[in-house]
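Numbering (the numbering used here), first residue to last: 1317 to 1946.
Ideal Cβ positions, reconstructed from N, Cα and C, are used throughout, including at glycine.
Computed from a prediction, not measured in an experiment: that's the story for all the values here.
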RNA sequence: GCCGGAGUAGCUCAGCUGGUAGAGCAACUGCCUUGUAAGCAGUAGGCCGUCGGUUCGAGUCCGACCUCCGGCUCCA
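So, in structure tokens, the structure goes:
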């Protein structure tokens, strides 16, 4: 048979030859360095037989940055971890151990809980394995055989995996350790030049909290020590952009144990908050939304009607009013907006009705989930509920996608869109779902947005589009959401009078575009690394008078800039110019003006963030700064 | 909520096997009169997260709780 190499030449091989055979045919060095085979974009184990006509590419230990090469390396590293743990902890059961972005993990059920300091011991055992060297062999077996092997070893998790596996069952063996595994794996452990166990965590078997919680050991591995060092450096750099750290360093906000999950916004953080609010308000008005304000506290009856009492109680804060009655803080704006819509007779001529509101929501998020500004209990969404007829859905969704694209473009942030479709348990007719899903998808298509479909992940009341962004440590957070809802208007008995002189239920679209202001600001802080663009910067211009005698003139310049609408402060502390410049730089202020004997209002000395300097007059500076506003 | 880790000055962190707490930066005071990323000196600052226990004695050992950090689950 013949296979095709990357340079389009053909290689003649005997039938049944493997990737490794192909590598040997090309050269012994290549065979030695080979780690896996890529064929038409998918990866394949070197020990797999090839098919005639197949396009092949041999990936080697020199492809140290190739994601697939790292993947296979880390997958094999995970097996070394499992072998080590099994040797050190008799009675341990092994579950699964895949490679992940930036590393790998393996889940175990330990007979006795283990502590983080024991990882060193495990690491030492792996080092010993690496020193001895391990070779992987691959074997294909049938399900019965595999189950027998693993039940003899008492590995019930593996037995369960075999039961749910599809396709051929493969086993990989290194030394005296055999694992159920799809592969691919390295030929041997030589390419693993750097390996580090990073953390210990609990993880539910099959990701289901009703199942037993296993112990997960995380680690990472590289083709060289330098690569590992670089990776650790990158992590360190990422931590410097962490919004929690920058929030304190730049004096934007703080969190207190007296109000867990509820940020205290400092004056400088409030500047950014208000800039977002201004943008939101201005655009909402342009796009036909009406701003409303509805109560924070409602009686339980309201939440029973909305379904929150049955479905969301665990996450709500209840308030004892002193008498019989209990009330609850709103976790969402929808019940209020339903009551508002229902407070008057509505005509089809009134629709769409677009209620926008960004008041405070409270959600009692579980303690272990709180996280800086990304997961809070005090939530402020740029929320809106739009009441439409079915015919208006398409245009309305379209407008929302346009809106959200506009907003994200203001900051140069990119979100990943996800379309969640009808779940098993749902309300409404299939025809309604067909139309609703089609409307969402058409809007995404029309705007040329990349999106993935999550089948069955819609809410029980309708499909939705969610927008996700990633933080500085690679964690994904949901930002904006657009949800179609046929049900809540019915629960609240909302109607409008149609052109046919009959009552109809409106459809409601729940939508938050930035998502929560808290989370969005968290993303912005990390996105800019604290160096906000001029229009968002809490302090836009700082003036540093060189000496005491320059303070009056500096104050005068500051007054002029403030009158022109800029945020200016003057650092007239009795510190050296060098020190004050350094601090301005650390505070990431976009423009620093040094004012001394050589300067005048006609000739100012301006320093850009980063160190670039130029001379300009006050009038020209005002003109320049005005162009930096959106 | 679950698993692991951590809470010492405003911030970053030292504090050994138990013997009454320390540095740098910040703050304050004085000197210097400052020119594009840290001038010099001094002073002050701590219920060692909270509560309980062991001990002659606890920052240090044990327990509970609170908060934070890394995961899991859940979510904007």
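- Whole-angstrom Cβ separation of residue 1774 and residue 1797, contact assumed at under 8 Å? Actually they do not touch by this definition, with Cβ atoms about 11 Å apart.
- Task: Compare the Cα-Cα distances from residue 1382 to each of 1352, 1327, 1407 and report the closest residue.
- Result: For residue 1382, the nearest C-alpha among the options comes from 1352.
- Taking buried to mean at least 16 other C-beta atoms within 10 Å of its own C-beta, is residue 1278 buried or exposed? Missing from the structure shown is residue 1278; the chain here goes from 1317 to 1946 and no further.
- Run of the alpha helix (DSSP H) containing residue 1814, from where it starts to where it stops: Careful: residue 1814 lies outside any alpha helix (DSSP H) and carries neither H nor E.
- Item | residue 1375, enclosing beta strand (DSSP E) - first and last residue | Residues 1373-1376.
- Message: Output needed for residue 1582: all residues of its chain with C-beta closer than 8 Å, excluding positions within five of it in sequence on either side, in chain order.
- Response: Counting only Cβ-Cβ distances below 8 Å, and skipping sequence neighbours, we find 1567, 1568, 1569, 1570.
- Which residue spans inside the segment 1333-1401 form an unbroken alpha helix (DSSP H) run of at least 4? Taken in chain order, the complete alpha helix (DSSP H) segments of 4 residues or longer contained in the segment 1333-1401 are 1335-1342, 1344-1349.
- Taking Cβ to Cβ, would you say residue 1829 is nearer than 8 Å to residue 1698? For the pair residue 1829 and residue 1698, the CB atoms are nearer than the 8 Å cut-off.
- Task: Tell me whether residue 1654 sits in a helix, a strand or coil according to DSSP, three-state version.
- Result: In the three-state reduction of the DSSP assignment, residue 1654 falls in the helix class, which pools H, G and I.
- Beta-bridge pairing of residue 1824 - partner residues as DSSP gives them: Under DSSP, residue 1824 forms a beta bridge with 1703, 1801.
- Item | Whole-angstrom C-beta distance between residue 1671 and residue 1606, which should lie under 8 Å | Sure, about 6 Å apart at Cβ, within 8 Å.
- Beta-carbon contacts of residue 1378 that lie in its chain and below 7 Å, excluding the five residues immediately before and after: Hits under 7 Å: 1349.
- Query: Per DSSP, residue 1672 is paired with what?
  - Reply: DSSP output for residue 1672 lists 1607, 1700 as bridge partner(s).
- To which residues does DSSP link residue 1504 through a beta bridge? BP columns for residue 1504 point to 1451.
- Query: Applying the criterion that 16 or more other CB atoms from any shown protein chain within 10 Å of the CB defines a buried residue, is residue 1823 buried or exposed?
  - Reply: Within 10 angstroms of the beta-carbon of residue 1823 lie 16 or more other beta-carbons, which makes it buried.
- Message: Please tell me whether residue 1873 and residue 1859 are closer than 8 Å, where the distance is taken between their beta carbons.
- Response: Yes; because the gap between Cβ atoms is below 8 Å, this pair is in contact.
- Take residue 1934 and list the residues in its own chain whose beta-carbon comes closer than 7 Å to its own, dropping the five residues that flank it on each side. Excluding sequence neighbours, residue 1934 sits near 1873, 1876, 1917, 1920.
- Apart from the five residues on each side of it in sequence, which residues of its chain come closer than 6 Å, Cβ to Cβ, to residue 1557? Within the same chain, Cβ atoms closer than 6 Å to the Cβ of residue 1557 are found at 1788, 1842, 1845, the five residues on either side in sequence being excluded.
- Use the C-beta contact count for residue 1692: other C-beta atoms within 10 angstroms, 16 or more gives buried, fewer gives exposed. Residue 1692 is buried by the Cβ-count criterion.
- Message: Quick check on residue 1456: does DSSP put it in helix, strand or coil?
- Response: Residue 1456 falls in the strand class under three-state DSSP.
- Query: Straight-line CA distance for residue 1936 to residue 1908?
  - Reply: So the two alpha carbons sit approximately 15 Å from each other.
- Message: Once DSSP output is grouped into helix, strand and coil, what is the label at residue 1539?
- Response: In this structure, residue 1539 counts as coil in the three-state DSSP scheme.
- Message: When you compare the CB positions of residue 1441 and residue 1513, do they come within less than 8 Å of one another, or not?
- Response: Taking 8 Å as the Cβ cut-off, residue 1441 and residue 1513 do not qualify as a contacting pair.
- Applying the criterion that 16 or more other CB atoms from any shown protein chain within 10 Å of the CB defines a buried residue, is residue 1526 buried or exposed? Under this definition residue 1526 is an exposed residue.
- Same chain only: Cβ atoms within 7 Å of residue 1759, ignoring 5 sequence neighbours per side: For residue 1759, where only same-chain residues beyond five positions count, the Cβ hits under 7 Å are 1713, 1714, 1717.
- Is residue 1490 buried or exposed, if buried means 16 or more other CB atoms sit within 10 Å of its CB? Counting Cβ neighbours within 10 Å, residue 1490 comes out buried, since at least 16 surround it.
- Just reading off the alpha helix (DSSP H) that residue 1622 is part of, what are its end residues? Taken as a continuous stretch (DSSP letters only), the alpha helix (DSSP H) holding residue 1622 covers 1616-1622.
- Message: Let me confirm a value: residue 1719 is counted as buried when at least 16 other C-beta atoms fall within 10 Å, else exposed. Which label applies?
- Response: The residue is buried, with at least 16 neighbouring Cβ atoms inside 10 Å.
- Taking DSSP as the reference, what is the three-state secondary structure of residue 1777? Three-state result, residue 1777: coil.
- Message: Taking DSSP's pairing of strands, which residues face residue 1687 in a bridge?
- Response: Looking at the DSSP assignment, residue 1687 forms a beta bridge with 1691.
- Query: Leaving out the 5 sequence neighbours to the left and right, which residues in its chain are closer than 6 Å to residue 1924 when beta-carbon positions are compared?
  - Reply: So no residue of the chain qualifies.
- Candidates 1942, 1929, 1855, 1849, of which the one nearest residue 1880 by Cα: Nearest Cα to residue 1880 within the set 1942, 1929, 1855, 1849: 1942.
- Decide if residue 1642 is buried, meaning its Cβ has at least 16 other Cβ atoms within 10 Å, or exposed. Flag for residue 1642 reads exposed.
- CA nearest to the CA of residue 1678, picked from 1649, 1704, 1509: Of the candidates 1649, 1704, 1509, the residue whose Cα lies closest to the Cα of residue 1678 is 1649.
- Query: Any idea what DSSP makes of residue 1851, helix, strand or coil?
  - Reply: In this structure, residue 1851 counts as coil in the three-state DSSP scheme.
- Taking the alpha carbon of residue 1815 as the point to measure from, which residue in 1333, 1662, 1652 has its own alpha carbon closest? Ranked by Cα distance from residue 1815, the options 1333, 1662, 1652 are led by 1662.
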